[in-house]
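What follows is a short report on a single structure.
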């Protein structure tokens with residue numbers, strides 16, 4: 016199971032790394048989660064420089080593609096040199112987006128007629144791109160999911176694991192990362208958010 | 016306000032980057048949050064290589080020092096080449112630890128007689144090091160705080176902001192990062208966790 020978390024310059028650390036951390040709870044089951052970038056290094060909105068684990072083209076053959084978020088998304092959706100490297104297939108791949116990543120999904124035409132979630136800052140631009148924005152943290156339809164608000168990355172990861180490995184594995188991953196003393200409550204809540212879309 | 020988030024090889028991404036993301040909501044107020052490492056680059060437990068934003072010595076003059084967590088913490092607490100570079104002062108600095116970072120606090124003698132929080136894996140080693148471990152997500156006493164379970168990093172960040180800038184600023188930071196549709200509930204919960212320790 017190859018999973019690409021698309022991460023661009025000026026990325027929001029929460030939006031790429033929460034999904035990364037939770038999905039890697041499935042590493043022992045053979046899942047391969049990779050921070051996937053358009054260049055060899057990218058620098059976050061708060062000045063953290065990271066090495067790409069994979070080039071952008073890794074996404075085209077991955078089983079799951081998650082779009083992270085960041086301050087530069089409005090430039091990325093106009094950048095043909097980046098977007099032309101992506102050739103995704105929602106019939107064969109699970110595709111998700113976090114916060115401003117939803118704008119990229121919309122511009123790539125991957126939302127179709129489905130409504131979407133995003134953060135409050137990106138909301139007007141997603142509407143301008145032609146999509147309906149929901150006032151909720153998570154929404155999915157078939158193989159496409161979107162989440163809004165950084166910490167909703169947890170729901171995006173829960174959805175991916177529940178879709179591909181079942182709710183028991185998703186519960187186990189959330190149980191591990193949840194605060195001590197809040198583990199059962201966290202599992203119950205995360206599953207309740209994604210269950211209507213499984 | 017200089018804040019060092021100590022991040023070592025084999026680090027857990029959630030435990031360094033959730034605090035980083037939330038604390039950086041205070042960047043516009045002049046806060047300077049830096050991923051602080053013993054070498055120029057470190058690589059996470061899931062193979063992500065990052066550039067250090069600051070060398071370890073930055074922690075010694077920082078206003079706040081947070082110890083991240085990772086798979087190598089039991090080696091780090093035996094590594095005098097690393098620990099001898101740290102010279103922290105809990106009378107002048109806020110010092111916090113996430114998950115296995117609590118083991119480092121304990122070994123450095125910074126817990127004194129206070130009980131502590133950590134993750135379930137690290138718990139026996141923290142006990143072995145001489146500290147009492149609580150079955151809860153967050154505990155603080157004066158200038159020292161510990162948190163257990165990756166997502167409890169949110170509470171560590173909330174505590175730092177509430178201590179140094181007040182509860183209103185802490186609420187604003189959590190409001191921003193919380194899932195859409197769950198923002199008020201998230202703020203209320205995070206503040207309720209840290210309030211007894213302010």
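Residue numbers (my numbering), protein chains in the order written: chain X, 16 to 213; chain U, 16 to 213. Virtual Cβ for every residue (Gly too), placed ideally from N, Cα, C. In this text, all values refer to a predicted model and were calculated from it rather than measured experimentally.
Span of the beta strand (DSSP E) holding residue i?
i, result
"residue 160(U)", "159 to 162"
"residue 237(X)", "Only positions 16 to 213 of chain X appear in the structure, and residue 237(X) is not among them; the question remains open."
"residue 64(U)", "64 to 66"
Run through DSSP, which three-state label would residue i get?
i, result
"residue 52(U)", "strand"
"residue 182(U)", "helix"
"residue 75(X)", "helix"
"residue 130(U)", "coil"
"residue 150(X)", "coil"
"residue 156(X)", "strand"
"residue 61(X)", "coil"
"residue 81(X)", "strand"
Which first and last residues belong to the alpha helix (DSSP H) in which residue i is found?
i, result
"residue 199(U)", "198 to 209"
"residue 32(U)", "28 to 38"
"residue 143(U)", "138 to 143"
With residue i and residue j assumed to form a contact (beta carbons below 8 Å), what rounded beta-carbon distance in angstroms separates them?
i, j, result
"residue 68(X)", "residue 63(U)", "6 Å"
"residue 97(U)", "residue 125(U)", "Actually they do not touch by this definition, with Cβ atoms about 15 Å apart."
"residue 41(U)", "residue 180(U)", "7 Å"
"residue 17(U)", "residue 77(U)", "4 Å"
"residue 33(X)", "residue 207(X)", "That pair is no contact at about 18 Å."
"residue 19(X)", "residue 73(X)", "5 Å"
"residue 61(X)", "residue 48(U)", "7 Å"
"residue 157(U)", "residue 86(U)", "Actually they do not touch by this definition, with Cβ atoms about 30 Å apart."
"residue 110(U)", "residue 120(U)", "7 Å"
Scan the stretch 95 to 127 of chain U and note each continuous alpha helix (DSSP H) run of 4 residues or more that stays entirely inside, going in chain order. 95 to 98 and 116 to 122
Check whether the stretch 69 to 89 of chain X and the stretch 101 to 112 of chain U touch, using three or more Cβ-Cβ pairs below 8 Å as the test. no
Segment contact flag, the stretch 34 to 51 of chain U with the stretch 176 to 195 of chain U, C-beta cutoff 8 Å, min 3 pairs: yes
Is the stretch 191 to 211 of chain U in contact with the stretch 145 to 160 of chain X, if contact means three or more CB pairs nearer than 8 Å? yes
Would you check if the stretch 171 to 187 of chain U and the stretch 128 to 135 of chain U touch, i.e. whether three or more CB-CB distances between them fall below 8 Å? no
For the 8 Å Cβ check, are there 3 or more pairs between the stretch 48 to 57 of chain X and the stretch 140 to 149 of chain X? no
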